[in-house]
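>
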Amino acid sequence: MRFFVHIAVIALLGVTGMAAAASQGDLLIVEHHPDDAALAARSRAILEGALREFAPRLPPGDAPIRLIIAHTFHEFMQHAGRFALGNVNGIAYPERALIVVKSPRLRTRGDYAGTLRHELVHILLHRNTDTDALPRWLNEGIAMSLANEYYWASIITVAHMFVRGRIIEYRHLDQAFLRPGEEMVFGDAYAQALSMTRYMRNWLGEDVFWAVVLGTREMSFGDALRAFAGKSPRDLWNGYRRSLWLVAVIGIMASGSFFTPAAFLLIAAYIRRRHKDRKIMQRWAAEEAEDAAASIKVFSWDEVTEDPDAWKQGNGEEEDRP
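233 is the number that numbering that gives the first Met the number 0 gives to position 234 of the sequence shown; each next residue is one higher, with no gaps.
#1: Around the Cβ of Gln191, are there at least 16 other Cβ atoms within 10 angstroms (buried) or fewer (exposed)?
#2: What residue range does the beta strand (DSSP E) around Leu27 cover?
#3: With Asn88 and Lys101 assumed to form a contact (beta carbons below 8 angstroms), what rounded beta-carbon distance in angstroms separates them?
#4: Using DSSP bridges, identify the partner residues of Ile122.
#5: By the 10 Å Cβ neighbour count, where 16 or more other Cβ atoms means buried, how is Gly238 classified, buried or exposed?
#6: Would you mind sorting His171 into buried or exposed? The rule is 16 or more other CB atoms within 10 Å of its CB.
#7: Expressed to the nearest angstrom, what Euclidean distance is found between the alpha-carbon atoms of Ile166 and Leu57?
#8: Measure the CB-CB distance between Ile339 and Glu30 and report whether it falls below 8 angstroms.
#9: Who are the near neighbours of Gly140 in its chain, counting only those whose CB is closer than 7 angstroms to its CB and skipping five residues on each side?
#10: If you draw a straight line from the C-alpha of Gly169 to the C-alpha of Phe227, how long is it?
#11: To the nearest angstrom, how far is it from the Cα of Ala223 to the Cα of Thr215?
#12: State the Cα-Cα distance for the pair Ser81 and Asn127, rounded to the nearest angstrom.
#13: Mapping the DSSP letters down to three states, classify Arg65 as helix, strand or coil.
#14: For Trp151 and Gly204, what's the separation of their Cα atoms in angstroms?
#15: Take the Cβ of Asp35 as the centre, count every other Cβ of all protein chains shown within 10 Å, and call the residue buried at 16 or more, exposed below.
#16: Anyone know if the C-beta pair for Arg225 and Ser231 falls short of 8 angstroms?
#17: Out of Ala62, Arg163, Ala39 and Asp131, point me to the one whose CA is closest to Leu115's CA.
#18: Would DSSP call Ile167 helix, strand or coil?
#19: In angstroms, rounded to a whole number, what distance separates the CA positions of Asp129 and Leu213?
Dropping the structure here:
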C-alpha cells in the first residue's frame, strides 16, 4: 500500500508542478518548485526576520514551521480547498504549523511579504494563546496589524460603514470569521477587526494589550481583560464606538470625499448616533430601576455574552444536578 501511495505522489508532482524541492533551517521548512529557489530564499528571509521581530511577544517555540509556495493555481487549490478564492493569496493551518501561499506570479494584488507575516502570526498565536478563548476578530486583527496590511483600506472602509450604519455589533463580529488562518477576501468584518485591534492597542498600551492577549492561554478574553486591564468587553466596545466619528472623519478625508455628500452623511450619522445612544442609555436606566424595584435579577452584559446559560435559573438548575 505504501508503495502505491509513493507512486501516486510522484505522479501528482509531475502533473501539477507541486512543491518538490525543500530547504530546511533550524525552525523553517520551505517547500517549493525548483524554479522558485530564489523566491524560497527570499521567503525564508522574510519569515526569519518576522520571527525575530515577533519573538519578544510571541515566541515560536522549537517545533518546525512549514511553508509551501504554490507554483500553480491547482497546487494552491489542493491545499486551500474551498478557500482558494481568486483574491485569497495565503492560508494557514496553525495546528499543523503549515503555511501555504501563492507564488507572487499567481497573485493579482497584495503584498507577498505581508501575506507571509500574516499567516505566521496565526501560527504564533496558536502556540501562545488558547485560540478558542481569543476572539476571532482579535486574532485576525493582530495578524493584519503585525503584517502591516490594509492600514488605509481599513480606515476608509470603516468610515463608510459608519456613515451607512453598517458597523457590526460586537456580539455578531466573531460570527463573520472562519477559523484562524482560513482566510476570506478583505471586507467589512476584516476592516472592523483591524480598526478595533488598533483602537485596543492604543487604549490599553502595548504591555497591557499583550498581557490580555497572552492571558487568554489560561482564561477567557473577558476575564483576561478584567484581570490585566481592569476593563470589560463592554468598556472596549463602548469606547470603540465613541471613537468611530474620528475614524470616519480621517477615512473620508483620506478617500477625498470630505466635500461630497458623504461628509454631510457623516455629520448626520454622528448626530443620529449620539441621539440614539442617549435614548438607549435612558431606557436601560429606567428598565434597571424597574427591575430593581420588582426584585428581578439583572444580569450584566459581560455575564450574558460570556456565559450563554447565565439566564437559566430556578427549577431547571435543580433538575440538572446529579
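We treat Cβ as the ideally placed atom computed from N, Cα and C, and that holds for glycine.
Predicted, not measured: the structure shown is a model, and the values here were computed from it.
On the basis of the coordinates in this document:
#1: buried
#2: Leu27 to His31
#3: 5 angstroms
#4: Per DSSP, none; premise fails for Ile122.
#5: exposed
#6: exposed
#7: 30 angstroms
#8: Residue 339 lies beyond the range of the chain shown here (0 to 321); nothing can be said about it.
#9: Ala192, Leu193, Met195 and Thr196
#10: Checking the sequence, you will find Tyr at residue 169 rather than Gly. Tyr169 and Phe227: Cα-Cα distance of roughly 21 angstroms.
#11: 6 angstroms
#12: Going by the sequence as given, residue 81 is Arg instead of Ser. Roughly 28 angstroms separates the two Cα atoms.
#13: strand
#14: 21 angstroms
#15: buried
#16: yes
#17: Ala39
#18: coil
#19: 9 angstroms
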